[in-house]
Amino acid sequence: MTERYYRVLRIKLIIMALCFSLIPLLALGVTIYYLFSAAYSERILGALRTLAQNRARAVELFLDERCSQLVTVAHSHPLSHLSDESHLARIFTVMQSRSTSLIDIGVIDDRGNHLAYVGPYYDKLKGVNYAHEGWFLAVMSTGLYVSDVFLGFRGVPHFVIAVAAQEGTRTWILRATINSEVVENIVRGGMVGKTGDAFIINTSNVLQTAPRFSGHLLGRPAAPNFSSSVDTRVEEVDYRGVKSLYATARVKQPKWILVIKEDPKEGMASLFRARHVGGGILAIGALLVIAGAILTTRSITGEMIRVERERAKSDQLMVQSSKMTALGKMAAGVAHEINNPLQVISEQAGWMKDLLSKSDEASFSNLGEFQECIGTIERHVDRCRTITHRLLRFGRRMEPTQELSDVNQLLAETITFLENEALSREIRIETSYSDRLPRITSDPAQLQQIFLNILINAIDAIGKSGSIRVATRCDSNRPREIVIEVSDTGPGIPRDLVGRIFDPFFTTKAPDQGVGLGLAICHSIVEKLGGQISVASTEQTGAVFTIRLPVV
Ligand code: ADP
40 MTERYYRVLR IKLIIMALCF SLIPLLALGV TIYYLFSAAY SERILGALRT LAQNRARAVE
100 LFLDERCSQL VTVAHSHPLS HLSDESHLAR IFTVMQSRST SLIDIGVIDD RGNHLAYVGP
160 YYDKLKGVNY AHEGWFLAVM STGLYVSDVF LGFRGVPHFV IAVAAQEGTR TWILRATINS
220 EVVENIVRGG MVGKTGDAFI INTSNVLQTA PRFSGHLLGR PAAPNFSSSV DTRVEEVDYR
280 GVKSLYATAR VKQPKWILVI KEDPKEGMAS LFRARHVGGG ILAIGALLVI AGAILTTRSI
340 TGEMIRVERE RAKSDQLMVQ SSKMTALGKM AAGVAHEINN PLQVISEQAG WMKDLLSKSD
400 EASFSNLGEF QECIGTIERH VDRCRTITHR LLRFGRRMEP TQELSDVNQL LAETITFLEN
460 EALSREIRIE TSYSDRLPRI TSDPAQLQQI FLNILINAID AIGKSGSIRV ATRCDSNRPR
520 EIVIEVSDTG PGIPRDLVGR IFDPFFTTKA PDQGVGLGLA ICHSIVEKLG GQISVASTEQ
580 TGAVFTIRLP VV
């Protein structure tokens with residue numbers, strides 16, 4: 040399988056893992072956030088609505104109490120009594136004993152004449168006639184009237200509660216001025232947070248209490264016009280580019296509207312905080328999921344690659360060893376077949392030699408040359424016999440064995456296989472064998488395969504002209520091991536590739552010259568034999584392969 044295949048597989052696995060974990064995580068996060076923010080907004084808006092309702096009810100309650108107080112006084116005292124200012128002053132003092140919410144009190148007859156007055160504006164108000172005043176006309180027709188805030192004869196903003204009483208055929212009015220600060224204090228209870236505001240407007244959108252920030256009593260509020268608002272409402276309104284939450288509630292008598300304004304950022308601060316914390320947790324969760332998906336996928340594909348390589352390696356080893364076994368059998372067969380004719384040639388040559396030895400030079404011309412030829416035939420037959428013996432030995436060794444092996448001899452034999460190749464490439468093979476090298480119990484065929492691979496690599500690395508040194512020695516520090524060193528004068532192995540040369544299929548050679556299995560096989564065989572193989576390389580001095588084998 041190619042690297043590309045595993046890269047694509049890894050990306051696919053990561054995408055799948057992310058889809059199955061991130062999408063539910065995000066969906067859960069977003070759903071929880073929206074449900075939470077909807078519930079939270081509803082709670083905030085509900086709280087604002089309740090606050091407005093409560094403040095409006097408190098104002099109503101306050102005014103109702105003042106109205107009943109006046110109604111009680113008006114209906115429980117005769118006009119003659121109340122028209123007496125000293126008497127009225129006593130009643131006023133009693134009325135004020137529990138709360139100082141009234142500024143003054145006065146009695147007016149049905150023609151608008153101020154009959155009696157107790158309060159701080161005595162000089163201004165004592166003699167005035169209210170016959171043409173709006174509140175006077177209203178109370179005469181309705182019996183009880185609570186006015187809006189107005190300036191009146193005193194020229195100071197105030198509002199009044201007036202009660203009409205009947206005495207015989209005569210109607211008269213008891214009127215009290217309300218301290219609007221008390222109403223303002225009630226309204227102020229609705230100011231929420233650092234920027235919140237609360238005020239009352241009348242049906243003409245005129246301020247009946249002073250707002251906290253902009254606007255003044257009897258002016259216009261710096262807010263949308265809620266004067267026609269009928270019921271309790273909460274809404275977010277953009278007023279002159281600033282978004283605010285507004286809650287309005289109606290005060291029944293007089294027809295006032297209480298307005299509470301709140302900065303949504305303040306009201307929703309906890310929600311925004313929760314959003315940030317939730318977003319942070321979600322982001323950390325997503326990062327962990329991504330990291331987890333990448334790490335898990337990497338480890339899975341890494342394991343797959345490892346297993347795949349192991350399988351390929353063992354497949355190749357099997358192919359290689361079965362090839363070598365077949366080659367060994369073939370070599371043994373060929374050697375055996377050639378041995379018989381060689382035997383015949385050798386016998387015939389010996390026979391000819393015997394015959395020639397009985398002839399004399401006089402009767403046999405060229406006898407000397409014939410004898411020389413027979414000698415040459417015998418020498419070459421001997422050489423062939425050596426080769427066939429070697430081939431037979433090689434063939435026998437293809438089967439895995441455990442024999443007492445002489446490593447020096449095995450190396451020398453292996454080198455003879457490559458001598459011609461080395462010669463043609465002007466490569467000298469120097470040997471330095473230790474005479475004290477103990478024989479080891481191992482598989483000679485496999486050892487030869489290791490030496491062959493390393494020597495072929497060294498010849499390939501040098502290319503043309505150079506030298507290879509093959510040395511064996513004992514290590515005094517490790518007496519149970521022998522050491523074989525093969526060094527060459529080739530270009531060496533680049534530092535970044537040193538760690539990869541024993542990997543299966545790692546090669547720097549052209550596809551028709553190398554498959555990258557030689558060293559992998561060497562590594563695997565050496566390990567199986569209980570030894571170690573390592574490489575040291577500098578780009579200037581070539582490569583040095585060191586094999587350590589146990590002396591068993
Ligand atoms: P192959 O010979 O088919 O390339 P090997 O496993 O035998 O496979 O070698 C792997 C690689 O190690 C070679 O392609 C080469 O790059 C590097 N190598 C092996 N021996 C030597 C050496 N003596 N000098 C430099 N490079 C070497």
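Heads up, the sequence shown is in the working numbering, so the first residue is 40 and it goes up one at a time.
All C-beta atoms, glycine included, are put in the ideal place defined by N, C-alpha and C.
All values reported here derive from a predicted model rather than from experimental measurement.
In the three-state scheme derived from DSSP, where H, G and I count as helix and E and B as strand, K368 is classed as helix. Nearest in C-alpha terms to D277, of all of T427, F59 and E301, is E301. Collapsing the DSSP output to three states places Y184 in a strand. Classified as buried, T216 has 16 or more neighbouring CB atoms from the shown chains inside 10 Å of its CB. DSSP places L190 outside both helix and strand once states are collapsed to three, so it counts as coil.
Counting along the chain, L297 sits inside the beta strand (DSSP E) bounded by residues W295 to E301.
Here P543 is buried: its Cβ has 16 or more other Cβ atoms, across all protein chains shown, within 10 Å. A straight line joining the alpha-carbon of E408 with that of P530 spans about 52 Å. Taking non-hydrogen atoms of the ligand ADP into account, the C-beta of D542 is found less than 6 Å away from none of them.
Counting along the chain, T210 sits inside the beta strand (DSSP E) bounded by residues R209 to I217. Taking T585 as reference, the option from S526, H114 and F59 with the minimal CA-CA separation is S526. DSSP places I560 in the uninterrupted alpha helix (DSSP H) bounded by G557 to K567. When the five nearest sequence neighbours on each side are left out, the beta carbons in the same chain lying within less than 7 Å of the beta carbon of A91 are those of G229, T271, A286, T287, A288, L297 and I299, in order along the chain. Taking C-beta atoms as the reference points, E469 and R508 count as a pair closer than 7 Å. One alpha carbon belongs to G145, the other to I83, and they sit about 45 Å apart. Counting along the chain, Y79 sits inside the alpha helix (DSSP H) bounded by residues E42 to S115. Around the beta carbon of M357, a 10 Å sphere encloses fewer than 16 other beta carbons of the protein chains shown; the residue is thus reported as exposed. Counting every other CB atom within 10 Å of its CB across the protein chains shown gives R105 a total of 16 or more, marking it as buried. C-alpha of L284 to C-alpha of H153: approximately 46 Å in a straight line.
Judged by pairs of C-beta atoms under 8 Å, the region 395-412 does not touch the region 369-381, as fewer than three such pairs exist.
The Cβ-Cβ distance between E124 and A86 does not fall below 7 Å.
Judged by their CB atoms, R193 and Y160 are nearer to each other than the 7 Å cut-off. Within the same chain, and ignoring the five residues on either side of Y72 in sequence, the residues whose Cβ sits closer than 7 Å to its Cβ are R314 and G317. Taking 6 Å as the cut-off, the C-beta of I523 does not count as close to any heavy atom of the ligand ADP. Secondary structure at L476: coil, using DSSP grouped into helix, strand and coil. H171 counts as exposed, since fewer than 16 other beta carbons sit within 10 angstroms of its beta carbon.
Inter-residue distance for E99 and L118 is about 28 Å (C-alpha atoms, whole angstroms).
According to DSSP, residue pairing for Q448 in a beta bridge does not occur. In this structure, P477 sits away from E442, with a CB-CB distance that is not shorter than 7 Å.
A Cβ-Cβ separation of about 7 Å places P293 in contact with S186 under the 8 Å criterion. Judged by DSSP secondary structure, Y278 falls within the beta strand (DSSP E) whose first and last residues are R272 to Y278. Between the C-alpha atoms of K392 and E578 there is a straight-line separation of about 59 Å. Sequence-distant partners of V110 (beyond 5 residues in either direction) whose C-beta falls short of 8 Å from its own C-beta, in its chain, are L183 and V202. Around the Cβ of Q485, a 10 Å sphere holds 16 or more other Cβ atoms; the residue is buried.
For the 7 Å CB-CB criterion, V199 and R214 form a contact. Around the beta carbon of W295, 16 or more other beta carbons lie within 10 angstroms, which makes this residue buried.
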